[in-house]
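Peer 1: Questions regarding the structure given below will be posed in turn.
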Amino acid sequence: MEAQKLAAFRVVIIGGKLYVDFYYACVQSRAMFTIWGFLQLLRRYSGKIPDVDLMFDCMDKPTVNRTQHSSMPLPLFRYCTTSQHFDIPFPDWSFWGWSEINIGPWDEEFESIKQGSKRRNWARKLPIAYWKGNPDVASPIRMELLQCNDTNLWRAQIMRQDWEEEARGGFKDSKLSKQCDHRRGLIPNKNYWRIPPSNMCESIKSAVDWGNSHPFEAEELGTAAQNFMGSLSMDRVYDYMYHLLTEYSKLQAFMPLRPSSALEVCVDSVLCFADQKKRRWLKRSTTFPSPTPPCSLPLLDKH
47 MEAQKLAAFR
57 VVIIGGKLYV
67 DFYYACVQSR
77 AMFTIWGFLQ
87 LLRRYSGKIP
97 DVDLMFDCMD
107 KPTVNRTQHS
117 SMPLPLFRYC
127 TTSQHFDIPF
137 PDWSFWGWSE
147 INIGPWDEEF
157 ESIKQGSKRR
167 NWARKLPIAY
177 WKGNPDVASP
187 IRMELLQCND
197 TNLWRAQIMR
207 QDWEEEARGG
217 FKDSKLSKQC
227 DHRRGLIPNK
237 NYWRIPPSNM
247 CESIKSAVDW
257 GNSHPFEAEE
267 LGTAAQNFMG
277 SLSMDRVYDY
287 MYHLLTEYSK
297 LQAFMPLRPS
307 SALEVCVDSV
317 LCFADQKKRR
327 WLKRSTTFPS
337 PTPPCSLPLL
347 DKH
């Protein structure tokens, strides 16, 4: 139970039912949409999800350092991890939507991005790097990125995103599908160009200069990136979730039981709890029972 000290909530699945024990409030609607994702998985692969008991944290940065916890790796699920951490990566809430910043469910969002990218062919796209986001999130690298906002010196346009202002304006300037006018591309040099955190401005300029002097190779990078996005369908997201929980359950040396403080959560209870806007978003990402079983994992090569 040491992982509980780092978790936002506990997820217990027993007999296809979902129970959640909340420890602290997650940012915005992360918890709601993450739990909705669990419910959609249970609906998609009804009767196939094993009983499982796990701890989940909803903050961005991993916390279970491999060096500090080498003697007892704490099993903690979250949205991201690194090679220096034990945190177990789980699809983030935005695959089902991010209502606060007008991001729709992933399948809808990708189709919109794909159509938006067709507004200009590669030759007509702007020959500069482009980034738009919120730097005020305790991220030193984002603050450093602001220093690269010079299209002549660094070939980069760096835009500070004010989400409160965007919300008041109806998000008309923040659609992802309208940000496909630049020549930018997750395999290094195959579907993206790696920008190291050191000498960031110089690295951005070098990448843009290379792309502008190698237009065909750069377009291939962009095409490969879009193909990668297309392959990351919700079918694959749900299959990843299925196999992750299945393999994790095999490691549990106990029978999951409902905690006395946990609440049973179902689709109707989440929709009832959500406000009108979030309810619309949740319904847009509703899935249905899959007519086919999950994909099969390749056999592990023990050699």
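Just remember that this note's numbering sits 46 ahead of the position in the sequence shown, which is counted from 1. Even for Gly, the Cβ is constructed at its ideal location relative to N, Cα and C.
#1: Under 8 Å, do L122 and L52 count as touching if we go by C-beta distance?
#2: If you compare alpha carbons, which of R112, D106, P151 and Q114 is closest to G83?
#3: Looking at V254 and V6, is the spacing between their C-beta atoms short of 8 Å?
#4: According to DSSP, is W144 helix, strand or coil?
#5: Give the single residue among S163, T197, Q203 and Y176 whose Cα lies nearest to the Cα of T269.
#6: Verify whether the separation of the beta carbon atoms of V58 and C104 is less than 8 Å.
#7: For chain C, is any of its Cβ atoms less than 8 Å away from the one on C104?
#8: Compute the Euclidean distance between the alpha carbons of P173 and A202, then round it to the nearest angstrom.
#9: Look at W44 and T197 and say whether their C-beta atoms are less than 8 Å apart.
#10: Closest to C341 by C-alpha separation, out of L317, F334, V313 and M287, would be which residue?
#11: Measure the beta-carbon distance from F262 to N237 and round it to whole angstroms, keeping in mind my assumption that it falls under 8 Å.
#12: Could you tell me the distance, in whole angstroms, from the CA atom of E98 to the CA atom of K323?
#13: Taking only runs of the alpha helix (DSSP H) that begin and end inside the stretch 108–185, which ones reach a length of at least 4 residues, in chain order?
#14: Is M126 buried or exposed, if buried means 16 or more other CB atoms sit within 10 Å of its CB?
#15: Would you kindly check if the distance between the Cβ of S279 and the Cβ of D153 is under 8 Å?
#16: Which full runs of the beta strand (DSSP E) of 3+ residues lie inside the stretch 256–333, going along the chain?
#17: Is it the case that the Cβ atoms of R124 and P108 are separated by a distance below 8 Å?
Peer 2: Short version:
#1: Counting from 1 along the sequence shown, the entry for residue 122 is found at position 76. Counting from 1 along the sequence shown, the entry for residue 52 is found at position 6. Cβ atoms of L122 and L52: closer than 8 Å.
#2: Residue numbering aside, residue 83 sits at position 37 when the sequence shown is read from its first letter. If we check each option's Cα against that of G83, P151 comes out closest.
#3: The chain is shown from 47 up to 349; residue 6 falls before or after that span and cannot be answered.
#4: Here residue 144 refers to the residue found at position 98 when the sequence shown is read from its first residue. Strand, per DSSP.
#5: Locating residue 269 in the sequence shown gives position 223, counting from the first residue. It is S163.
#6: In the sequence shown, residue 58 corresponds to position 12, counting from 1. In the sequence shown, residue 104 corresponds to position 58, counting from 1. For V58 and C104, no; Cβs fall outside 8 Å.
#7: No chain C appears in the structure shown, which is made up of a single protein chain.
#8: In the sequence shown, residue 173 corresponds to position 127, counting from 1. In the sequence shown, residue 202 corresponds to position 156, counting from 1. The straight-line gap from Cα to Cα measures roughly 9 Å.
#9: With the chain covering 47 to 349 only, the question about residue 44 has no answer from this structure.
#10: Position 295 of the sequence shown holds residue 341. The option with the nearest alpha carbon to C341 is M287.
#11: Counted from its first residue, the sequence shown places residue 262 at position 216. Counted from its first residue, the sequence shown places residue 237 at position 191. Actually they are not in contact, since the Cβ atoms of F262 and N237 sit about 15 Å apart, beyond 8 Å.
#12: Looking up residue 98 in the sequence shown gives position 52. Looking up residue 323 in the sequence shown gives position 277. In the sequence under discussion, the amino acid at residue 98 is Val, which differs from the Glu named in the question. Approximately 31 Å between the Cα atoms of the pair.
#13: Taken in chain order, the whole alpha helix (DSSP H) runs of length 4 or more contained in the stretch 108–185 are 152–163.
#14: Stepping through the sequence shown from its first residue, residue 126 is reached at position 80. Sequence inspection shows Cys at residue 126; the Met mentioned does not correspond to that position. C126 comes out exposed.
#15: As a position in the sequence shown, residue 153 is number 107, starting the count at 1. As a position in the sequence shown, residue 279 is number 233, starting the count at 1. A contact, by the Cβ cut-off of 8 Å.
#16: 309–311
#17: As a first step, residue 124 is located in the sequence shown; it is residue number 78 there, counting from the start. As a first step, residue 108 is located in the sequence shown; it is residue number 62 there, counting from the start. Closer than 8 Å, so yes.
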